[in-house]
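Here's the structure, in C-alpha cells; my notes come after.
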Amino acid sequence: MSWGLENRLSRILKPADGKTVMLAVDHGYFLGPTTGLEQCCKTVVPLVPYADTLMLTRGVLRNDIPSSIDTPIVLRVSGGSSVLEDDLSNETILTDIDECIRLNAAGMACQVFIGAPHQAQTIANLGRLVNEGERYGIPVIGVTAVGKDMVRDARYLALASRIIAETGGHIVKTYYCDDFERVTSTCPVPIVMAGGKKLPERDALEMTWKAMQGGAAGVDMGRNIFQSDSPVGMIKAVNAVVHGGASVDDAYAVYMDEKAATGITGPGVGSAVTADDSRKI
Ligand code: 5RP
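Residues in the sequence shown are numbered from 118 upward in steps of one, following the working numbering.
See the structure below:
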C-alpha cells in the first residue's frame, strides 16, 4: 500500500482509534431530493464539524460544500440507477479518477450489487476503481447494496462484504444484522455500518453500539442523522458510541441534551419519506 493511500485511509479511519463517523449524504444520486436533503447546504454544512468524513457526490460537493472545509471527502463515484427502477444494479462509474484527484478526494465509493441482475458489472466497476485507486493512492469503499429479493442476514452480508474485500476494496460499507460478528470476522478489511432507513434515535444508537461491539470500524450513516429531529444531537451521540465507547443510554443522553439545549429540530422522522425511499436502500 503506498504512503499516499495509507495517508488518505488515515484521514477516513482516524489513527487514534482506527474508527470513523462518516456522514453519508450521497442519496440524491438515485433518490433525488429525499427528505432532509432537499437543500444539502442547509442540512449538511452544520453537521460537517462533527463528521470524520463526508460521503457525497461531486455535484453536492461542488454546489453545496465550502471548499474551505478540512473534513475529508469520500466521493460516491458509481451511479446510473434511479428510484424509478425496480433493479438498481445497472450502475457504472460516473466520476473518473482525474475528477477525484481534482476534488481532493480521500476515498471513492462504489456500489456492489451481489445477487442482482448486474452483479458482474458492479463487481467489475469496483475492480477497475481499485486498480485506479491503487495507481494514484486513493482508497475505495465498496458499498453492499441489498437487492430487493435479498435477505439482509449474516450469510448474505458476509458474502457481499467478502467479495468486495477480495476484489480489493479497502473499506466495506454494509448493514447491521444479527450475528454481525460473522460478517466482520470473515472480512479482511474494516467494515463501517450503514445506517439504513430512519429509526427512532435510541434504536439507531443501539444498532450502532451493537455494530461496534460486533467489530465495526464505525459508521457511514445518513438518514438516521440528517432525518433526526436533532441532527447535531444525533451525530454527537453516534460519535460518543463510535469514538467514546459510550453506552446506549449515555449516547442517548447526549442526543437528548443537545436537542433540549438547542431546540433545533430537523425534518424529524421522515414522514415525507416515501416507502420507496426506504425500501430501496
Ligand atoms: C446506498 C447508499 C446510500 O446512498 C447512503 O449512503 C445510505 O446511507 P444511510 O443508509 O445511512 O441513509 O449507500 O446503498
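Backbone N, C-alpha and C fix where the C-beta goes; we use that ideal spot for every residue, glycine too.
Source: prediction; values computed, not measured.
* Asked: Unbroken alpha helix (DSSP H) runs of length 4 or more, entirely within the stretch 199-239: which are they?
  -> 214-219
* Please state whether DSSP places A271 in a helix, a strand or coil. => Within the sequence shown, residue 271 is the residue found at index 154, counting from 1. A271 falls in the helix class under three-state DSSP.
* To do: Keeping to the same chain, check which residues put their C-beta closer than 7 Å to that of V247; ignore five residues upstream and five downstream.
  => The count along the sequence shown starts at 1 and reaches residue 247 at position 130. Same-chain partners within the cutoff: V257, T284, G285 and G286.
* Asked: Quick one: is T379 buried, meaning 16 or more other Cβ sit within 10 Å of its Cβ, or exposed?
  -> Translated into the one-based positions of the sequence shown, residue 379 becomes position 262. By the neighbour-count rule (16 or more Cβ atoms within 10 Å), T379 is not buried but exposed.
* Asked: Curious, which full-length beta strand (DSSP E) runs of at least 3 residues does the stretch 331-376 contain?
  -> 335-338
* **Buried versus exposed, by CB contacts within 10 Å (16 or more), A392** => As a working note, residue 392 is residue 275 in the sequence shown. Reliability of the predicted coordinates at A392 is poor, the pLDDT of 41 falling under 50, and the value obtained from them is presented with this limitation in mind. Classification for A392: exposed.
* Measure the Cβ-Cβ separation of M139 and G335 and say whether it is below 8 Å. => On the sequence shown, position 22 is the one that residue 139 refers to. On the sequence shown, position 218 is the one that residue 335 refers to. Against a cut-off of 8 Å, the Cβ pair of G335 and M139 comes out as a contact.
* Residue nearest to M267 in terms of C-alpha spacing, selected from V191, L164, A328 and Y292 -> As a working mapping, residue 267 is identified with position 150 in the sequence shown. M267 has its Cα closest to that of Y292, out of V191, L164, A328 and Y292.
* So, helix, strand or coil for A378, using DSSP? -> Locating residue 378 in the sequence shown gives position 261, counting from the first residue. Helix, per DSSP.
* Are at least three pairs of beta-carbons, each pair with one atom in the stretch 294-303 and one in the stretch 269-281, less than 8 Å apart? -> yes
* Asked: Any idea what DSSP makes of V257, helix, strand or coil?
  -> Sequence index remark: in the sequence shown, residue 257 carries index 140 (1-based). Reduced to three states, the DSSP call for V257 is strand.
* Per the contact definition of three or more C-beta pairs closer than 8 Å, is the stretch 216-230 in contact with the stretch 190-206? -> yes
* For M324, verify whether its CB is less than 7 Å away from any heavy atom of the ligand 5RP. => Position 207 of the sequence shown, counted from the first residue, corresponds to residue 324. No, since every heavy atom of the ligand 5RP falls outside the 7 Å radius drawn around the Cβ of M324.
* **Among R279, K314, M310 and G331, nearest to F297 - alpha-carbon criterion** => Residue mapping note: residue 297 aligns to position 180 of the sequence shown, counting from 1. Here the closest residue by C-alpha is G331.
* Asked: So which of N356, T160 and R245 has the shortest CA-CA distance to T212?
  -> Position 95 of the sequence shown, counting from 1, holds the residue named residue 212. The residue with the shortest Cα to Cα distance from T212 is R245.
* **Residues near V390 in its chain [Cβ-Cβ closer than 6 Å; skip 5 each side]** => Residue 390 sits at position 273 when you count from the first residue of the sequence shown. Caution applies to V390, whose pLDDT of 42 falls short of 50 and renders its modelled position unreliable; the value that the coordinates give is listed next. Listed in chain order, the non-local C-beta contacts of V390 below 6 Å within the same chain comprise T152, local neighbours out to five positions each way being set aside.
* Do the stretch 175-183 and the stretch 201-208 meet, that is, are 3 or more Cβ pairs less than 8 Å apart? -> Touching, no, given that fewer than three Cβ pairs across the two stretches are closer than 8 Å.
* Alpha carbon to alpha carbon, how far is P183 from K290? Give it in angstroms, no decimals. => Here residue 290 is taken as the residue at index 173 of the sequence shown, counted from 1. Here residue 183 is taken as the residue at index 66 of the sequence shown, counted from 1. Cα-Cα distance, rounded: 26 Å.
* Apply the 10 Å Cβ neighbour rule to R396 and answer buried if 16 or more other Cβ atoms are within range, or exposed otherwise. => Within the sequence shown, numbered from 1, the residue matching residue 396 stands at position 279. With a pLDDT of 47 at R396, under the threshold of 50, the modelled position of this residue cannot be trusted; read the value that follows with caution. Its Cβ having fewer than 16 others within 10 Å, R396 is exposed.
* Asked: For W120, which residues of its own chain have a beta-carbon under 8 Å away from its beta-carbon, when the five flanking residues on both sides are left out?
  -> As a first step, residue 120 is located in the sequence shown; it is residue number 3 there, counting from the start. For W120, where only same-chain residues beyond five positions count, the Cβ hits under 8 Å are G254.
* Should R340 go down as buried or exposed, given a rule of 16 or more other Cβ atoms within 10 Å for buried? -> Within the sequence shown, the letter at position 223 stands for residue 340. Counting Cβ neighbours within 10 Å, R340 comes out buried, since at least 16 surround it.
* To do: Determine which residues share a DSSP beta bridge with A141 and list them.
  => In the sequence shown, the residue the question calls residue 141 occupies position 24. A141 is bridged to M172.
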